[in-house]
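If you read the sequences in order, they're chains A and B.
Residues in the first sequence are numbered from 4 upward in steps of one, following the working numbering.
Residues in the second sequence are numbered from 2 upward in steps of one, following the working numbering.
Ideal Cβ placement from N, Cα and C applies to all residues, glycine included.
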Amino acid sequence: GEDVEQSLFLSVREGDSSVINCTYTDSSSTYLYWYKQEPGAGLQLLTYIFSNMDMKQDQRLTVLLNKKDKHLSLRIADTQTGDSAIYFCAESMNQKVTFGTGTKLQVIP
Amino acid sequence: ETGVTQTPRHLVMGMTNKKSLKCEQHLGHNAMYWYKQSAKKPLELMFVYNFKEQTENNSVPSRFSPECPNSSHLFLHLHTLQPEDSALYLCASSQEEGPNRPLHFGNGTRLTVT
């Protein structure tokens, strides 16, 4: 079955880069997503990558996909206090989306 | 209004009460979803509706009863809940067609069962 794993917590200093990692099990995944959840809010789509791509960059965000190792990462450059949130990795196959447990990012001023 | 709107934001109910959660989307999407978010657990998909038809029921207990009267509205009717049902209930919508279906979420209803 599908399984998506993430570490639960990451702490970085303001201005540093953050790297959030995710592993997944379903090699048939077509799209992989990163969502952000701020306190008291729902999940907000940050970015996504198609499974035939290795990298996608969108302003401060860089997504790297290693399909062989089934490893996905999200790099946030110049991390700001407003980036403090829970980040969810998700994989999509057909109509089903499977989420990880989320990584709580704490940004220290 | 834009996006996905959920009401109420917070709900406290006793185990014998009956209540309903409401979700409305203004994105022109054809698929709507209910998810349950509990602490330190992955999001749990509960129900999926495509064009008002239920296409997935992820072994959800019958004390949760969904209703989708049209593609823009989704309800979750609750009755005789248990304390372990306390969680954040998230509604989402997406386009039905195509392999890339990013989900658009509402802000959720924080449910507490006493």
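Measuring alpha carbon to alpha carbon, tell me which residue in Thr81(B), Ser72(B), Gly109(B) is nearest Gln96(B). Ser72(B)
Minimum C-alpha distance to Ala88(A) - residue among Lys73(A), Ser95(A), Ile111(A): The shortest Cα separation from Ala88(A) among Lys73(A), Ser95(A), Ile111(A) belongs to Ile111(A).
Beta-carbon of Pro103(B) versus every beta-carbon of chain A: anything under 9 angstroms? Closer than 9 angstroms: yes.
Quick check on the burial criterion: 16 or more other C-beta atoms within 10 angstroms. Buried or exposed for His105(B)? buried
I'd like the list of long-range same chain contacts for Pro84(B), defined as Cβ closer than 7 angstroms, with 5 residues on each side in sequence excluded. Val114
Take the Cβ of Asn58(B) as the centre, count every other Cβ of all protein chains shown within 10 Å, and call the residue buried at 16 or more, exposed below. exposed
Between Thr101(A) and Thr17(B), what straight-line distance do the alpha-carbon atoms span, to the nearest angstrom? 33 angstroms
Within 9 angstroms, strictly: CB atoms of Cys92(B) and Gln38(B): No, they are not a contact pair.
State the Cα-Cα distance for the pair Gly85(A) and Val22(A), rounded to the nearest angstrom. The straight-line gap from Cα to Cα measures roughly 16 angstroms.
Cβ-heavy atom distance between Leu104(B) and the ligand GTP below 8 angstroms? By its list of ligands, the structure shown contains no ligand whatsoever, and the ligand GTP lies outside what it can speak to.
Distance check for Ser21(B) and Met14(B), CA to CA, integer angstroms please. Across the structure, Met14(B) and Ser21(B) are spaced so that their CA atoms are roughly 11 angstroms apart.
Does Lys41(B) get closer than 9 angstroms to chain A when you measure Cβ to Cβ? yes
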